[in-house]
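J.: Before anything else, here's the structure in question.
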Amino acid sequence: MGLKLHNTLTRKKEDFRPIDADHIRMYVCGPTVYNYAHIGNARPVVVFDLLARLLRHEYPKLTYARNITDIDDKIIEAAQESGVPISEITEKYTAIYEEDMGALNAELPDLRPKATETIPQMINMIERLVAKGHAYAAEGHVLFHVPSMENYGELSNRNRDEMVAGARVEVAPYKQDPADFVLWKPSSDDQPGWNSPWGRGRPGWHLECSCMIEENLGQTIDIHGGGLDLIFPHHENEIAQSRCAHDGSPLANYWMHNGYLTVDGEKMSKSLGNFFTVHDLLDEFGRKGGEAIRLLLLTAHYRQPLDFSKDGIEQARKQLDRWYRVTAEVEGEVTAADIPTEFLEALRDDLNTPKAIAVLNKLAKQGQGRALKAAASLFGVLLQDDWFAVESNDTDLSADAIEALIAERNAARATKDFAASDRIRDELAAQGIILKDGAGGTTWERS
């Protein structure tokens with residue numbers, strides 16, 4: 258079975274036919290770096306990291322790009338409130354973002370272009386759009402003229418009135434049409450800005466991705482991804498800019514979008530007290546938390562809604578505990594050849610992660626440690642060598658105290674005082690210490 262992907266543009270699952278089978282090109286919209294990433298921001302990171310891992314397994318080469326938006330009104334506001342340059346805000350939160358996503362076993366993309374490093378390319382694209390009659394300058398702004406493009410709205414499948422309402426468009430006297438959107442806007446003296454043919458200013462948000470794709474990956478790429486919330490207006494406007502700048506060439510052949518995330522059945526909101534950042538969750542759940550969060554984010558199919566909870570993290574951790582125990586005795590390196598076909602078929606079917614997890618559970622139940630470890634590695638889990646190592650917040654018991662209790666239990670067993678032996682075992686289990694009796698004696702691990 259070949260790779261099949263659901264294409265948002267055609268609204269159906271299609272066979273993946275790359276532009277160049279020797280070199281796949283994928284772009285995913287990245288973070289606006291002005292604060293900590295919330296757990297909803299992590300879902301596309303994990304989903305498209307898994308897709309990147311699968312593409313690298315299936316094809317000789319993948320170039321995966323994910324941008325960093327480091328110029329934005331929210332960033333400017335955060336810098337002004339802190340009294341620091343925007344670069345101090347963006348560098349801080351870019352580093353935190355990448356560290357936090359790395360804790361979810363998300364590998365860094367091959368390319369991480371920044372908006373502030375792509376300003377000349379943005380100015381160039383705007384000039385081309387103006388020259389082709391798709392954009393116009395007005396009062397220091399440059400706007401894309403939506404009626405100039407046929408099939409605008411094809412990705413989101415909305416009519417024009419729905420699009421205008423959905424975008425919450427700014428009512429401005431300089432607009433030729435209410436749906437027109439900003440490509441360039443003026444900057445005041447206290448705002449960051451760059452010189453341009455239209456005066457000192459900064460780019461509109463939608464423009465940067467079109468230019469980064471053109472600069473780094475070419476006019477047309479294989480896959481463009483992001484969250485469902487980006488379909489309109491962001492991705493719709495990317496398509497408009499790029500197609501009109503490139504005389505109708507498509508921006509991407511496959512558009513993929515992950516579904517929304519709720520928390521305990523409700524929309525995540527600071528006012529509801531259910532707003533979680535990845536950074537805080539990693540602090541709370543410790544070293545095992547990153548892999549557990551990753552597994553939880555993959556339990557639902559990527560296109561479906563996902564309900565997130567702290568209980569879900571704990572359940573995912575326990576599931577990983579079981580898998581790690583099965584693979585503990587695997588010797589030597591696992592290879593791609595060790596991955597079961599059934600597991601690969603699940604992922605090739607539009608990243609069917611629920612089915613893939615079912616295969617992992619079956620392998621664990623059957624005790625197939627090597628196959629489990631190989632498949633899980635592609636899935637981005639079971640990658641820690643010290644999963645059962647001591648963690649400071651696991652328990653108050655020291656290793657010496659645990660060994661002393663095990664010695665006491667062994668003495669009780671030697672005298673056939675099984676009541677005392679069971680009591681010690683249960684006391685340790687209550688504190689997260691699992692005992693394993695074998696021919697070589699009793700060993701322990703933290704659950």
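The opening position of the sequence shown corresponds to residue 258 in this note's numbering, with each subsequent residue numbered one higher. All C-beta atoms, glycine included, are put in the ideal place defined by N, C-alpha and C. Keep in mind that this is a model prediction, so the values were computed, not measured.
1. Can you tell me which of the three DSSP states Thr584 falls into?
2. Between Thr304 and Lys612, what straight-line distance do the alpha-carbon atoms span, to the nearest angstrom?
3. Which runs of the alpha helix (DSSP H) spanning at least 4 residues fall entirely within the region 432-497, listed in chain order?
4. Is it buried or exposed for Gln561, if we count other Cβ within 10 angstroms and need 16 for buried?
5. With a threshold of 16 other CB atoms inside 10 Å of the CB of Glu660, please say whether the residue is buried or exposed.
6. Tell me whether Tyr559 sits in a helix, a strand or coil according to DSSP, three-state version.
7. Would you say the beta carbon of Ile570 comes nearer than 8 Å to a heavy atom of the ligand ZN?
8. Quick one: what's got a C-beta closer than 7 Å to Arg310's C-beta in the same chain, skipping five residues either side?
9. Let me make sure I understand the geometry here. Which of Thr610, Leu654 and Ala593 has the alpha-carbon closest to that of Ala631?
10. Determine contact between the region 324-336 and the region 581-591, defined as no fewer than three beta-carbon pairs at a distance below 8 Å.
11. What residue range is occupied by the uninterrupted beta strand (DSSP E) comprising Phe532?
12. Would you say the region 505-519 touches the region 481-497, given that touching needs at least three Cβ pairs under 8 Å?
13. When the Cα atoms are used, what is the spatial distance from Leu662 to Trp644?
14. What beta strand (DSSP E) runs, 3 residues minimum, are completely inside the region 374-404?
15. Quick one: Cα of Pro275 to Cα of Gly340, how far?
16. Short of 8 Å in beta carbon distance, which residues of its chain neighbour Leu617, apart from the five on each side in sequence? Order them along the chain.
17. Determine which residues share a DSSP beta bridge with Ala278 and list them.
18. With a CB to CB cut of under 8 Å and the five nearest residues on each side skipped, what residues in its chain are close to Met258?
19. Measuring CA to CA, which of Ala646, Ala658, Ala686 and Gly698 is closest to Arg670?
20. Helix, strand or coil, according to DSSP, for Ile690 in the structure here?
21. Answer yes or no: does any C-beta atom of chain C fall closer than 9 Å to that of Thr610?
22. From Asp277 to Lys318, what does the alpha carbon distance come to, in whole angstroms?
23. Based on Cα-Cα distance, which residue from Tyr559, Pro430, Ala436 and Leu308 lies nearest to Gly410?
24. Is the region 395-413 touching the region 343-354, taking contact as three or more C-beta pairs under 8 Å?
25. Check each candidate in His314, Asp330, Glu315 and Val302 and name the one with the smallest Cα separation from Ala322.
26. Look up Trp565 in the DSSP assignment and say whether it is helix, strand or coil.
27. Which residue wins for smallest C-alpha separation from Asp330, given the options Trp701, Leu685, Arg680 and Pro443?
28. Run through DSSP, which three-state label would Glu523 get?
29. Can you tell me which residues form a DSSP beta bridge with Met513?
30. If we ignore side chains and look at the alpha-carbon of each, how far apart do Gly530 and Asp537 end up?
31. If you check the beta carbons only, do Arg459 and Ile328 fall under 9 Å apart?
32. For Met283, which option in Asp657, Gln476 and Thr519 has the closest C-alpha, if you only look at C-alpha atoms?
33. Within a Cβ cutoff of 6 Å, which residues of the same chain sit near Met382, ignoring the five residues on either side of it in sequence?
34. Please name the residue, chosen from Thr610, Asp683, Glu702 and Gln623, that lies closest to Ser655 on a Cα-to-Cα basis.
35. Leaving out five residues before and five after Ala668 in sequence, what residues of the same chain have Cβ atoms less than 6 Å from its Cβ?
36. If we call anything under 9 Å between Cβ atoms a contact, is Ser413 one with His492?
T.: Here's the rundown:
1. Thr584: helix per DSSP, three-state reduction.
2. The residue you asked about is not Thr; residue 304 is Val in the sequence shown. Using only the alpha carbons, I get a separation of about 15 Å.
3. Entirely contained in the region 432-497, the alpha helix (DSSP H) runs reaching 4 residues are, in chain order, 462-473.
4. Under the 10 Å beta carbon count, Gln561 is surrounded by fewer than 16 other beta carbons and is classified as exposed.
5. Under the 10 Å beta carbon count, Glu660 is surrounded by fewer than 16 other beta carbons and is classified as exposed.
6. Coil.
7. Of ligands this structure carries none, so the ligand ZN is not represented either.
8. Same-chain partners within the cutoff: Leu635 and Gly637.
9. Closest option to Ala631, Cα to Cα, is Ala593.
10. Per the Cβ contact rule, the region 324-336 is not in contact with the region 581-591 (fewer than 3 Cβ pairs under 8 Å).
11. No residue range can be given for Phe532, since it is assigned to no beta strand (DSSP E) and is classified by DSSP as neither H nor E.
12. Contact holds: three or more Cβ-Cβ distances are below 8 Å.
13. Taken atom to atom, the span from the alpha-carbon of Leu662 to that of Trp644 is near 22 Å.
14. As summarised for the region 374-404, the continuous beta strand (DSSP E) elements at least 3 residues long and confined to that stretch are 392-395 and 398-401, given in chain order.
15. Roughly 48 Å between the two C-alpha positions.
16. These residues qualify, in order along the chain: Trp580, Phe600, Leu629, Ala632, Ala633 and Phe636.
17. Bridge partners of Ala278: none, in fact.
18. Hits under 8 Å: Glu602, Arg605 and Asp606.
19. Of the candidates Ala646, Ala658, Ala686 and Gly698, the residue whose Cα lies closest to the Cα of Arg670 is Gly698.
20. The three-state reading of DSSP puts Ile690 in strand, counting E and B together.
21. In summary, chain C is missing from the structure at hand, where a single protein chain is found.
22. C-alpha of Asp277 to C-alpha of Lys318: approximately 10 Å in a straight line.
23. Considering only alpha carbons, the answer is Ala436.
24. Too few Cβ pairs lie closer than 8 Å, so no.
25. Of the candidates His314, Asp330, Glu315 and Val302, the residue whose Cα lies closest to the Cα of Ala322 is Val302.
26. Inspection of the sequence shows that residue 565 is occupied by Phe rather than by Trp. In the structure shown, Phe565 sits in a strand (DSSP, three-state: E or B).
27. Out of Trp701, Leu685, Arg680 and Pro443, Pro443 has the C-alpha closest to the C-alpha of Asp330.
28. It is a strand residue.
29. Per DSSP, Gly482.
30. Going by the C-alpha atoms only, they are around 14 Å apart.
31. Annotated as proximal: Arg459 and Ile328, with beta-carbon spacing under 9 Å.
32. In terms of CA proximity to Met283, Gln476 leads the group Asp657, Gln476 and Thr519.
33. Cys468 and Ala502, listed in sequence order.
34. For Ser655, the nearest C-alpha among the options comes from Glu702.
35. Around Ala668: no qualifying Cβ.
36. A contact, by the Cβ cut-off of 9 Å.
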